[in-house]
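Each residue of the sequence shown is one higher than the one before, starting from 65 at the first, in this note's numbering.
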Amino acid sequence: MNRAIINTVFALLGLLSGVLGDSLTVLRSPQYVTFRDGQWPISGEKIPDLVALTMGFSIHEDLDWPGLAAGWLFQRPRANALIVVRGLDSLDFPKNISCYPLENPVPFTLDSVANTVHTLFADSTPVVLQLAPSEERLYMMGMANTVFEDLPVTLQQIRGRLSQDGSVLTSLPLVSLSRNNEADLLFLSEVQVLYDISALLQKHKHLAKDPAPDLYSLELAGLEEIVRRYGTDSPQFTDATRILTSALQKFADDVANVYANNAVVEVVTVKTFEAPLTRKSRSILESKQIGARRKNRFKTTSSNPGSPYNLAYKYDYDYAVVFNIVLWLMIVLALSVIVISYNLWNMDPGYDSIIYRMTNQKIRMD
């Protein structure tokens, strides 16, 4: 009864959030990751926890959201790709795809999920790519430094990529979009990044065979510039949403193909974030240097060579649980040894030991 009331409340909140517009859409998910049909709203700050749960990781606080069902315990997705689209509340995806209202659209990152992947799979080579082309924010870890080494990430590099053969300028019907407008070029640059990432993944299908799961996070703001310049009633906005919807569906198909349908692909659409995201950008060279320091951290005498102040590593939130298990197990074992030793010391060989009595009778008979 209580569960039914909670679901009803979530449904009513979903209808209210549906008016506000922002949404979370699940384009691809394996069969063992079940998203229930319903209009249950989810807060923007809970998106990283949702991604962690879909990958089979534990989180600090329970996610009380009915949209995600309990998955298979012994199987987890090989990859998770999250694309954030700014500038509109929803895209025209097929009706059979799970879509949920998004409330409290605050900026978020998947840094916590990336740290979990690195901690649990430190001996493997996971692929972690977080990229926002319009703001030139980049973070790569593991095999991503090798796979996406030639990926254009700055606006200048992407503009140069657009002038090359095989770019989206020659393959997509631009219609009302212009090559000479900055807003149009920014949007097309982000579409080009989607196509380039798909092409690189197709060339490196061996990534899916690695035991470590991979994580991809992209933030696209080109459509927001289209809206700011032309408005939502313009033909440019109509053509841009059509191109972006097709590009996202192709990207989801390519990711699912590389990982043999063992990948989750989500799209978050927001008109605008309530607060700007402030985060220091990292270049490819800096990411390689950070990765090299992490690989060598067990070979140095410093407790934390990645820190300029030689600070200790932060404890994991499972530290207290493991500590109590080890502590009480050692206490129980120590008490057991003491009790057993005391009983053996005070044992009467002629009365308590069956071995002594049997051998004593045999000696008497002889």
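No residue lacks a Cβ here, since even glycine has one placed at the ideal position from N, Cα and C.
- Counted as a single uninterrupted DSSP element, the stretch harbouring residue 281 is not any alpha helix (DSSP H) but the beta strand (DSSP E) occupying residues 278-284.
- Under the DSSP definition of a beta bridge, residue 107 partners with 167.
- The beta carbon of residue 282 lies closer than 6 Å to those of 147 and 195 in the same chain, with the five residues before and after it left out.
- Pairing residue 289 with residue 250 gives a Cβ-Cβ distance under 9 Å.
- Pairwise C-beta distances place the stretch 249-266 out of contact with the stretch 110-126, as fewer than three of them are shorter than 8 Å.
- When the beta-carbon positions are compared, residue 142 and residue 277 come within less than 9 Å of each other.
- Three or more beta-carbon pairs separated by less than 8 Å link the stretch 329-339 to the stretch 91-109, which places the two stretches in contact.
- When the five nearest sequence neighbours on each side are left out, the beta carbons in the same chain lying within less than 6 Å of the beta carbon of residue 326 are those of 94, 141 and 142, in order along the chain.
- Here residue 406 carries a helix assignment [DSSP, helix/strand/coil].
- Taking C-beta separations shorter than 7 Å and ignoring five residues to either side along the sequence, the partners of residue 133 in its chain run 98 and 100, following chain order.
- Rounded to the nearest whole angstrom, the CA to CA distance from residue 126 to residue 246 is 44 Å.
- Collapsing the DSSP output to three states places residue 147 in a strand.
- Following the DSSP letters along the chain, one finds residue 98 in no alpha helix (DSSP H), marked with neither H nor E.
- For residue 183, the uninterrupted alpha helix (DSSP H) segment begins and ends at 175-184.
- Three or more beta-carbon pairs drawn from the stretch 235-243 and the stretch 303-312 are found closer than 8 Å, and the two stretches are therefore classed as touching.
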